[in-house]
Amino acid sequence: MDNKYFVLNIGRQLGSGGHDIGKMLAEHFQIKFYDKELLDLAAQESGFDKHFFERDDEHRGFIKGFFYSINPFSSSGNPYENQLSSESLFKFQSEAIRKAASQSSCVFVGRCADYVLRDYPRCINIFISANMEDRVKRLSQKLNITEEEAEKRAVSGDEKRASYYNYYSAKTWGEAATYDLCINSSVLGLKETTEFIQNFVARKLDL
Amino acid sequence: MVKKKSTAELGTENVGKLLLQYAVPAIIAMTASSLYNMVDSIFIGQGVGAMAISGLAVTFPLMNLSAAFGSMVGVGASTLMSVKLGQHDFKTAQNILGNIVTLNLLLGTLFGLITLIFLDPILYFFGASDTTIPYARDYMEIILLGNVITHSYLGLNSALRSAGHPQGAMYATILTVIINTILDPIFIYGFGWGIRGAAYATILAQALALVWQFYIFSDKKEQLHFTRGIYKLKKKIVVDTIAIGLSPFLMNSCACLVVILINKGLGEHGGDLAIGAYGIVNRILFLFIMIVIGLNQGMQPIAGYNYGAQKMDRVLQTLRYTIYGATIITTCGFLVGELMPRLCARAFTTDEQLIDMASHGMRIIVVCYPIIGFQMATTNFFQSIGHAGKSIFLSLTRQLLFLVPLLIILPHFFGLDGIWYAMPASDLIASIVTAVMLYIQMKKFKLNSIKNGQ
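Chains as they are written, first to last, in the numbering used here: chain P, 1 to 207; chain H, 1001 to 1454.
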């Protein structure tokens, strides 16, 4: 791994503005930005159709979470024997993340990138949260839904992301000890939060 | 059971060749474990007697229950370990290995002790009578005292498989079969220990395999090895293990439930010998079922990869070949069951009445065998293409959803034969449901390919 590149990994609550902050950071440092784009990379890496990755993207559904992706009557218990198991798909996605990180500096949003790149030397892991009112407002505008609906999605979105992250990584989603910096974007607003993070990143990496 | 190969090969190499290459190791492993049970039963039947066979059959549900707890830790933790190894996270994987040892020690001992205390009521509940319970008790006392060894052995075997030693796991399985086969006659005939001898042989064989597993995992050069500080239970590992292991646990518990129903029905309508007859038939036919399961495991990576790459012609070819193979295997089971049931039963016992009952039951049970190869292969096909829910549903139709009501209803009309009829009837209905679901899935595939073509 080449030390001249660096990576910013952003974990975020649904509707906290993590995506926008990541994008602004990428523009500021003039590095690549991957959020949903990662799924294209993963599809390329595996040679599989993209919709398999979309189906499993950042959540473990109830049935899958419970029965996971294996029928115990007909399996040996190694999820990698089936290339389409959620675990195999996650592995392809992780390879794609590692490859992208070795080719240039970049910002990754979600998908356990911080865990996948835990041995990467120049890595900063950030978690963005926000007050519920702000998240609901942002979600209802972005998705064109009512505020009640938005609140429901925000809560269930957190649960899905947590169960996904906690299953694949060895850490706990949203817990301060998992990250280098946890910040509530409601306090300073998106723009100033981004500037604050820029400062933090520049200091840590001597940019 | 599969060595690391370049995955691209799965998308280009001849499907028949791939299937053979992936299925054969799995089939060997499956055959070994079913031979193990068969050998045990043969020695007990020939060496101890007909009632001992019935006593042994009464213990099946309890063995299933023990396996349910064992697989909860075994499958749960080894899956977790696979995921971490897939991420090159050796530190966490090692920690999981240590937790597997501790969890098995705890759970294995607890399960053994608790069931030992309530052994008699449990055995009566599982279908034992005053005639069969001495055998069942003799056997289970030893097995339960050694339960912690059994759990540890099975748990570490799953761990071996996940840690990239599928051959190691296979050798351990074969080792137990060989040792058991050697010790059984010595203990039963030589020392005159009766049914207890078979139990001692089982536990001793597993203990030796366990020593060998410890030897492998103690090697410091291994990526995963025993070391200090990994044994303390970690909440996250335990919770995740149980969450993943819950579904195999429930499935095995269902199997336990069904065998209880069968044993109770057989005992009520046909007496102790009928239970023994089922024990014999079960041991013989299990061999064919296990071979099909091995074949199905070989199909998974091939069908899964090609479905992911949307090479539908190759996906369907894999399914076709697997169905052909499975049908050939189960048809062999059908032929054996119809043409030489007495010969098979005679291997287990010299009691003419028991032979009559077993061969009568076997003739009925195998009636639908030629079609269940298709049912099992298709069930597994859904699993291969990522539809685990459908796959689990189809497995349950054959082994629980249709079987349980049939087991309860049919004996009212046909007596003892009702129990035997319930099994092929359930096979038949499940196969029809499977065929319908496969038909619907095929229509969806066609629709998709037309859409993509335009």
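Heads up, the beta-carbon is just placed ideally off N, CA and C, and yes, glycines get one too.
Please confirm whether residue i has its beta-carbon closer than 9 Å to some beta-carbon of chain H.
| i | result |
| --- | --- |
| residue 79/P | yes |
| residue 195/P | no |
| residue 166/P | yes |
| residue 118/P | yes |
| residue 174/P | no |
| residue 170/P | yes |
| residue 91/P | yes |
| residue 87/P | yes |
| residue 47/P | yes |
| residue 115/P | yes |
| residue 52/P | yes |
| residue 82/P | yes |
| residue 94/P | yes |
Would you identify the three-state DSSP class for residue i, choosing helix, strand or coil?
| i | result |
| --- | --- |
| residue 68/P | Confidence in residue 68/P is poor, its pLDDT being 49 and thus under 50, which makes the residue's placement unreliable; the coordinate value appears in the next sentence. DSSP places residue 68/P in coil when its eight states are reduced to three. |
| residue 12/P | strand |
| residue 169/P | coil |
| residue 1215/H | helix |
| residue 1256/H | helix |
| residue 126/P | strand |
| residue 184/P | strand |
| residue 1002/H | Its pLDDT being 41, under 50, residue 1002/H is placed unreliably by the model, and the measurement read from it follows with that caveat. Residue 1002/H: coil per DSSP, three-state reduction. |
| residue 106/P | strand |
| residue 1443/H | helix |
| residue 33/P | strand |
| residue 1454/H | Interpretation of residue 1454/H is limited by its pLDDT of 48, a score under 50 that renders its predicted location unreliable; the figure taken from the coordinates is listed afterwards. DSSP places residue 1454/H in coil when its eight states are reduced to three. |
Quick check on the burial criterion: 16 or more other C-beta atoms within 10 angstroms. Buried or exposed for residue i?
| i | result |
| --- | --- |
| residue 1289/H | buried |
| residue 1120/H | exposed |
| residue 1412/H | exposed |
| residue 1351/H | buried |
| residue 10/P | buried |
| residue 1071/H | buried |
| residue 68/P | Any reading at residue 68/P must be qualified, since the residue scores a pLDDT of 49, below 50, and its modelled position is unreliable; the value itself is stated next. That one is buried. |
| residue 1084/H | buried |
| residue 1037/H | buried |
| residue 1297/H | buried |
| residue 191/P | exposed |
| residue 177/P | exposed |
| residue 187/P | exposed |
| residue 1376/H | buried |
| residue 1113/H | exposed |
| residue 202/P | exposed |
| residue 1059/H | buried |
| residue 1004/H | Because the pLDDT at residue 1004/H is just 43, under 50, the model does not fix this residue reliably, and the value given afterwards should be weighed accordingly. Counting Cβ neighbours within 10 Å, residue 1004/H comes out exposed, since fewer than 16 surround it. |
| residue 1104/H | buried |
Going by Cα to Cα distance, which pick from the options is closest to residue i?
| i | options | result |
| --- | --- | --- |
| residue 1191/H | 1168/H, 1048/H and 1113/H | 1048/H |
| residue 1239/H | 173/P, 201/P, 174/P and 167/P | 167/P |
| residue 1194/H | 1136/H, 1102/H and 1075/H | 1136/H |
| residue 1208/H | 1234/H, 1185/H, 1181/H and 1175/H | 1175/H |
| residue 1078/H | 1064/H, 1063/H, 1094/H and 1067/H | 1094/H |
| residue 36/P | 123/P, 57/P, 100/P and 26/P | 57/P |
| residue 1371/H | 1409/H, 1448/H and 1432/H | 1432/H |
| residue 1124/H | 1156/H, 1383/H and 1267/H | 1267/H |
| residue 52/P | 92/P, 98/P and 24/P | 92/P |
| residue 15/P | 202/P, 99/P and 189/P | 189/P |
| residue 133/P | 119/P, 124/P, 202/P and 154/P | 154/P |
| residue 1354/H | 1273/H, 1285/H and 1393/H | 1273/H |
| residue 1349/H | 1393/H, 1009/H and 1046/H | 1046/H |
| residue 5/P | 106/P, 89/P, 19/P and 150/P | 106/P |
| residue 1430/H | 1344/H, 1443/H, 1378/H and 1256/H | 1378/H |
| residue 1185/H | 1317/H, 1043/H, 1161/H and 1251/H | 1043/H |
| residue 1284/H | 1256/H, 1325/H, 1343/H and 1321/H | 1343/H |
Determine whether the Cβ of residue i lies closer than 9 Å to any Cβ atom of chain P.
| i | result |
| --- | --- |
| residue 1502/H | In the structure displayed, chain H extends from 1001 to 1454; residue 1502/H sits before or after that span and is not available. |
| residue 1092/H | yes |
| residue 1236/H | yes |
| residue 1372/H | no |
| residue 1010/H | yes |
| residue 1061/H | no |
| residue 1129/H | no |
Is residue i near the ligand ATP - that is, is its Cβ less than 8 Å away from at least one heavy atom of it?
| i | result |
| --- | --- |
| residue 19/P | Here there are no bound small molecules, and the ligand ATP is not part of this structure. |
Practice item. At 4 residues or longer, and completely inside the segment 1044–1111 of chain H: list those alpha helix (DSSP H) runs for me, N to C. Key: 1050–1086
Point to revise | Start-end ranges of the alpha helix (DSSP H) lying completely within the segment 1297–1370 of chain H, minimum 4 residues | key: 1312–1339, 1341–1348 and 1352–1365
Point to revise | Every unbroken alpha helix (DSSP H) within the segment 1380–1422 of chain H, with a cutoff of 4 residues, ordered by chain | key: 1388–1396 and 1403–1414
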